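Note sheet for the following structure.
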Amino acid sequence: MSDALHDLLTRHVEAGTIPGAVGTIGEGFEPVAVGLDAPGGSPLRADAILRIQSMTKAVTAVAALRLVQDGTIALDDPIATWMPELAEPRVLPHPDAPLEDARPARRPITVHHLLTNQSGYGMMTTDSPLRQAMIDAGVEADAEPVGLGAQDWLGALAALPLAFEPGEAWRYHHSFGILGILLGRVTDRSAREVLDATVFAPAGMRDTGFMVPADHAHRLPPAFRHAAEGLEQTEPAGAGFYVAPAPFDVSHAELVSTLSDYHAFLRALLDGRLIDADLRASLSGDQVDAAAKRPDSFFPGFWENTGWGYGVSVVTGGPRRGRFGWSGGLGTDFFVDPDGTICIVMTQVEMGESVFGLIGELQELREG
Numbered sequence: 001m002s003d004a005l006h007d008l009l010t011r012h013v014e015a016g017t018i019p020g021a022v023g024t025i026g027e028g029f030e031p032v033a034v035g036l037d038a039p040g041g042s043p044l045r046a047d048a049i050l051r052i053q054s055m056t057k058a059v060t061a062v063a064a065l066r067l068v069q070d071g072t073i074a075l076d077d078p079i080a081t082w083m084p085e086l087a088e089p090r091v092l093p094h095p096d097a098p099l100e101d102a103r104p105a106r107r108p109i110t111v112h113h114l115l116t117n118q119s120g121y122g123m124m125t126t127d128s129p130l131r132q133a134m135i136d137a138g139v140e141a142d143a144e145p146v147g148l149g150a151q152d153w154l155g156a157l158a159a160l161p162l163a164f165e166p167g168e169a170w171r172y173h174h175s176f177g178i179l180g181i182l183l184g185r186v187t188d189r190s191a192r193e194v195l196d197a198t199v200f201a202p203a204g205m206r207d208t209g210f211m212v213p214a215d216h217a218h219r220l221p222p223a224f225r226h227a228a229e230g231l232e233q234t235e236p237a238g239a240g241f242y243v244a245p246a247p248f249d250v251s252h253a254e255l256v257s258t259l260s261d262y263h264a265f266l267r268a269l270l271d272g273r274l275i276d277a278d279l280r281a282s283l284s285g286d287q288v289d290a291a292a293k294r295p296d297s298f299f300p301g302f303w304e305n306t307g308w309g310y311g312v313s314v315v316t317g318g319p320r321r322g323r324f325g326w327s328g329g330l331g332t333d334f335f336v337d338p339d340g341t342i343c344i345v346m347t348q349v350e351m352g353e354s355v356f357g358l359i360g361e362l363q364e365l366r367e368g
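Per the UniProt record's numbering, the very first residue in the sequence shown carries number 1; after that it's consecutive.
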């Protein structure tokens, strides 16, 4: 399968989809590195430290579930116990309603709601008053690094109404920023310290964190997006937001990691070194009721044969039933199959039509 993965990535390098990529597929770890770190640059290193963006969600979910396993928190705990900012949320009668129509929520936001993207906070899919308010407050999600420190970000979000009652619908992304902050609140430590203790150290993830240490900055390649005239650089090599020190508290932000570290994370998850079998089954099982899978909650067709567990999407039907995984906005993706196959691909090109095509082909690679 490594040869098939190499061929797939090489084809997309030659087509201009990406300048380079690293990846692995199989039950063991066989790294593949293809192409360059930038157009006209140097060969992409297999040990490059890369911005994994929303692949962070699986890591944060496992850290939270480890705290559940240890008895520090429970899935049905109201998060207002540690987050007074969210003690009295207000909710809109429908996501596109005027903000002044918000009323007190009927139920509290729980840990389970955060893990399943059902808190009521999340990306808006229409040009609504709430979406504009999120833009104005600097909390709308996009491919850029976070622009506010954790406390300011949480305060700005808490000032806005929920798009729906907690647990009654699904909206992507923001629940996991809140969850990152919650990790520190419930333990009276930093989010980084909690991740170190619950995930990074047990799994042996030596190069994963919120920031790249300055003495390893040379391992961070640039990031790109597709523009009218080709690939356009969006973040520099060895510099920028992700190089230490952090500009502010980044508990709500996303991680950098390596191919080998992320594989070690998934292997430790499967081996039971991070959470027990029951919690692992919950993580990789569909946790979203059919009534909450509204067509307007994400991109068209998202819910076809798809569910959402804790920090990952899960395949609920078809030939890949039982697979779980997720992507990151800079062209990263992973999946785990029921037979123990792990597949990870990491680029640094923003998601768009051509990169989505690469990810789609990757998902079919087992049958190809």
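Built from N, CA and C at the ideal position, the CB exists for glycine as well.
Model, not experiment: these values are computed from the prediction.
Asked: Sequence-distant residues of the same chain with beta carbon closer than 6 Å to residue 338, five excluded per side; Found: 322
Asked: Length of the line joining the Cα atoms of residue 335 and residue 193; Found: 27 Å
Asked: Three-state secondary structure assigned by DSSP to residue 301; Found: coil
Asked: Opening and closing residue of the beta strand (DSSP E) in which residue 233 lies; Found: 230–235
Asked: Bridge partners - residue 226, DSSP secondary structure assignment; Found: 231
Asked: Residue 78 - DSSP class collapsed to helix/strand/coil; Found: strand
Asked: CB contact below 7 Å: residue 16 versus chain B; Found: Looking for chain B here will not work: only one protein chain is present.
Asked: For residue 56 and residue 254, believed in contact at Cβ under 8 Å, the rounded distance; Found: 4 Å
Asked: Residue interval of the beta strand (DSSP E) (run including residue 313); Found: 313–315
Asked: Buried or exposed by the 16-neighbour rule on C-beta atoms within 10 Å, applied to residue 103; Found: exposed
Asked: 8 Å Cβ shell around residue 172 - same chain, five flanking residues per side excluded; Found: 117, 122, 123, 141, 297 and 298
Asked: Three-state secondary structure (DSSP) of residue 219; Found: helix
Asked: Beta strand (DSSP E) segment containing residue 190, residue limits; Found: Element bounds for residue 190: n/a, residue is neither H nor E.
Asked: Under the three-state DSSP convention, the category residue 257 falls into; Found: strand
Asked: Beta-carbon gap between residue 274 and residue 68 smaller than 7 Å; Found: no
Asked: Nonlocal neighbours in the same chain, by C-beta distance under 6 Å from residue 114, ignoring five residues either side; Found: 175, 178 and 179
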